[in-house]
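K.L.:
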Amino acid sequence: MNRDRPVPRMPVLLSALVALTLAIVPLPGVVDRLRPDFLVLVVYYWSIEAPSAGGLTLAFVAGLAIDVSRGVVLGEHALALTLTAAWAMHLRLRIRVFSIPKQALTIFGLLATYQFILFWIDGATGYPVTDWSRWLGPFIGAAIWPLVVATLRRLHER
Amino acid sequence: MVAFRSHEPAGRSSGLLLRSVLYTLLALGLIVLDKRYDQLGKIRRALSVVAYPLELGVASPFRGWAWLRQSVTTRDTLRAENARLRAKLLDERYRLQRYAALEAENAELRGLRTSTAGVETRPLVADIMDVDIDAFRERVLIDKGAADGVRVGQAVLDAHGVFGQVESVGERTSDLLMLSDATSAIPVMINRTGLRTIAVGTGDLGRLKLPYLPTTADVVKGDLLVTSGLGSVYPEGYPVGTVVDVKIDTVRSLADVDVRTAAKLDSSRELLIVRSKPRPPAPPAPTPPATGANGSTPATPAKHRPATPAKHR
């Protein structure tokens, strides 16, 4: 009956921490703009694969962590990540049976929504970032999704 | 967290809906509190304490590498560097002698005008941490925070000029907003003419614009901009940048002036945080007899020149 396999918390927390570290490792300017949102992808993965291990709490806390590390208005990334992770959780049974390219397409949709919410809050709080390169995020995220799946799957399936 | 796990029935989404609404409201509440009421300084500081070990962990390999490189430099390199630094020290000493005299003179002049100098004498030295904050905004993280006496709004300088200001303060780290961030603006004065205006960031590292100058303003390529001290964030008389391009389109009423920052925004490592003393509300000083300035432009000419020896080129 229970189709969500129980996953211990340790790998979830560990992967989130590693992703957060990757998010702030310094990179030279151009590469920096191409950096995938690792933590967001990790949160989506766990939302789809094991919602009971982290759930929305993980999404909210991870979003808050991004807010703090970027020094933007508190709650911005938390809101965007919570909403999109809830969406991913809602669709998780369908997403799981998708092929990897189809999954990547779904992730693209999620990331685009995420980015749009951020864009909207940025504008509403008076710090609009109109740089076109911010819209690269969804493409890059979707492109490395197979890699994220392959890596994280090792953590809980042996 | 444990409660969520035991209560969540698999495959049912009513709980999910409830919780997502809950968290959404929480996040919206945070945004409003932070943005509108500015109430979350303490929470932000507490969270930054949690983030500090992570930031330190990310930055330490880079520090370790710098340390390693420094400790394996050869004797010759050190000797050459030592000689160079000695020469530089001599040069600076020579300049400092003049500076002391100028400072005394300046204090006297200021005494006449019953205003005080803008900067406390002891700035705080901070290092940039090797942590990327945001790819789209010109910000850096430094290794000094509230525990070291850093406060929001303090001006930050590097060895060459004004770098930016403190935007938010954590316990042991702070975020700086660099001059060239798109949301940054700094009151400046053209050193040659005393014309005051505002330089705003472009979002492009190391580049500023002067968007509020009329086409008739006296500004040419190579002009040095210094802080005017208005707005009481940046102390007065520090170099901000040099004008690199002036495009005057007579059809439009405003000139298009490009500025390159004096501070090396991309390569400086060590910064000075200055504590700007609040000025006592002095009565408006009587304007000295006109010194043949351009009184017709909207920006009034400054009443005095800055104390720092001006570098004309």
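The listed protein sequences derive, respectively, from chains H and G.
Position 81 of the first sequence, counting from 1, maps to 80 under numbering that gives the first Met the number 0, and the rest follow consecutively.
Position 165 of the second sequence, counting from 1, maps to 164 under numbering that gives the first Met the number 0, and the rest follow consecutively.
We treat Cβ as the ideally placed atom computed from N, Cα and C, and that holds for glycine.
Since this is a predicted model, take the numbers as computed values, not measurements.
Using a cut-off of 8 Å between C-beta atoms, extract the partners of G:F135 located in chain H.
P.N.:
Ordered by position in chain H, the residues that pass the 8 Å Cβ test against G:F135 are R32, V128, D130, S132, R133.
K.L.:
Mind checking which residues open and close the alpha helix (DSSP H) that includes H:M9?
P.N.:
Segment 8-23, the alpha helix (DSSP H) holding H:M9.
K.L.:
Say whether chain H places a C-beta atom closer than 7 Å to the C-beta of G:T182.
P.N.:
Interface residue, yes.
K.L.:
What does G:D174 touch in chain B if you count any residue whose Cβ is under 8 Å from its own?
P.N.:
Protein chains in the displayed structure are H and G, and chain B is not among them.
K.L.:
Could you work out which residues of chain H lie near G:L27, taking near to mean beta carbons separated by less than 9 Å?
P.N.:
Those are G74, L78, listed as they occur along chain H.
K.L.:
What residues of chain G sit near H:T20, judged by a beta carbon separation below 9 Å?
P.N.:
Within chain G, the residues near H:T20 are L53, G56, V57.
K.L.:
Rounded to whole angstroms, what is the Cα-Cα separation between H:L151 and H:E48?
P.N.:
Taking the straight line joining both Cα atoms gives about 10 Å.
K.L.:
What are the start and end residues of each continuous alpha helix (DSSP H) run of 4 or more residues lying completely inside the region 42-121 of chain G, in chain order?
P.N.:
Complete alpha helix (DSSP H) runs here, min 4: 74-111.
K.L.:
Tell me the DSSP secondary structure of H:I139 in three-state form.
P.N.:
Residue state, collapsed to three classes: helix.
K.L.:
So the beta strand (DSSP E) G:L270 belongs to, where does it begin and stop?
P.N.:
Run containing G:L270: 269-273, per the beta strand (DSSP E) assignment.
K.L.:
Under 7 Å, Cβ to Cβ, is there at least one residue of chain G near H:P7?
P.N.:
Not an interface residue.
K.L.:
Mind checking who G:R195 pairs with in its DSSP beta bridge?
P.N.:
Answer is G:M188.
K.L.:
Are G:S183 and G:L176 touching if we call contact CB-CB under 7 Å?
P.N.:
Yes. Within cutoff.
K.L.:
Going residue by residue through the region 218-243 of chain G, where are the continuous beta strand (DSSP E) segments of at least 3 residues, counting only ones entirely within it?
P.N.:
Whole beta strand (DSSP E) segments, 3+ residues: 223-226.
K.L.:
Rounding to the nearest angstrom, what Cα-Cα distance links H:G136 and H:V42 in this structure?
P.N.:
One C-alpha to the other measures close to 15 Å.
K.L.:
Just checking: is the beta-carbon of G:V130 within a distance shorter than 7 Å of some beta-carbon in chain H?
P.N.:
So yes, G:V130 belongs to the interface.
K.L.:
Ends of the alpha helix (DSSP H) at H:F97?
P.N.:
First-last for H:F97: undefined, no H or E at that position.
K.L.:
Scan the region 241-264 of chain G for residues whose Cβ lies nearer than 9 Å to a Cβ of chain H and list them as they occur along the chain.
P.N.:
Cβ contacts with chain H: none found.
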